[in-house]
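Numbering (the working numbering), first residue to last: 937 to 1135.
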């Protein structure tokens, strides 16, 4: 399975949430350039991703953020996640984006954000992509997806754990500051442990 090494996305900055906050405080007008570089650094062949933001989707989020900043009179104090990139497990809705739960035949375009996504975007966060999972979130290994297995971040001969495999992978690789997953019987805890994401 070593041939999978080339498909793993190369980290852009490995910025943490505090790193992004400091970045925008020192360079408040760098939103578009910073996030465009993040998106350009993401590898669509990486099996951790099921869907990456299109330029139009990114632009719509930029416009939303600029409106939030205007509403806050230019202050970022009420926008603690301003411009922070995050990923969403693809069984959680992002308005206007496809949701598949890793089953192409059941894919639909979500009309609205899930509540958790809406709350994060209201604080300034930006969705850069949706992540792979064990199909319908019914697995603990991260290999049960037609997109392909998500490899362990530290050893591609090992599994990533699931079902939130893609969300764990992109976070462990430092591609986003945080990611959303789900957990019923270990779907978040198992990949977090396998990819060494515990605190």
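Think of the CB as a built atom: it goes at the ideal place given N, C-alpha and C, for glycine as much as any other residue. Predicted model, so just to flag it, every value in this text is computed and none were measured.
Check	Outcome
Among 1130, 1102, 1113, whose alpha-carbon lies nearest the alpha-carbon of residue 1027?	1102
Reducing DSSP to helix, strand and coil, say where residue 1067 ends up.	strand
How would you label residue 984, buried or exposed, when you count the other beta carbons within 10 angstroms and need 16 or more for buried?	buried
Hey, is the stretch 1019–1038 in contact with the stretch 1108–1119, meaning 3+ C-beta pairs nearer than 8 Å?	yes
Between the C-alpha atoms of residue 1078 and residue 1001, what's the straight-line distance to the nearest angstrom?	34 Å
In terms of residue numbering, what span does the alpha helix (DSSP H) encompassing residue 956 cover?	953–962
May I ask which residues mark the beginning and end of the beta strand (DSSP E) holding residue 1072?	Run containing residue 1072: none; DSSP gives neither H nor E here.
For residue 1115, write down the residues that DSSP places opposite it in a beta bridge.	1023
Nearest CA to the CA of residue 1108: which residue from 1010, 970, 1131, 1086?	1131
Going along the chain, which residues of its own chain have a beta-carbon closer than 6 Å to the beta-carbon of residue 1084, five neighbours each way excluded?	983
Give, in chain order, every unbroken run of the beta strand (DSSP E) that is at least 3 residues long and sits entirely within the stretch 968–1014.	985–988
Taking 8 Å as the threshold (C-beta atoms), are residue 1124 and residue 1076 in contact?	no
Output the distance between the C-alpha atoms of residue 957 and residue 1017, rounded to the nearest integer angstrom.	7 Å
Taking the continuous alpha helix (DSSP H) assigned at residue 1052, which residues delimit it?	1051–1058
Can you tell me whether residue 976 is buried or exposed? The criterion is at least 16 other CB atoms within 10 Å of its CB, across all chains shown.	exposed
Going by DSSP, what residues sit across from residue 1034 in a beta bridge?	1045
Measuring CB to CB, does residue 950 end up less than 8 Å from residue 1110?	yes
According to DSSP, which residues form a beta bridge with residue 1062?	1021
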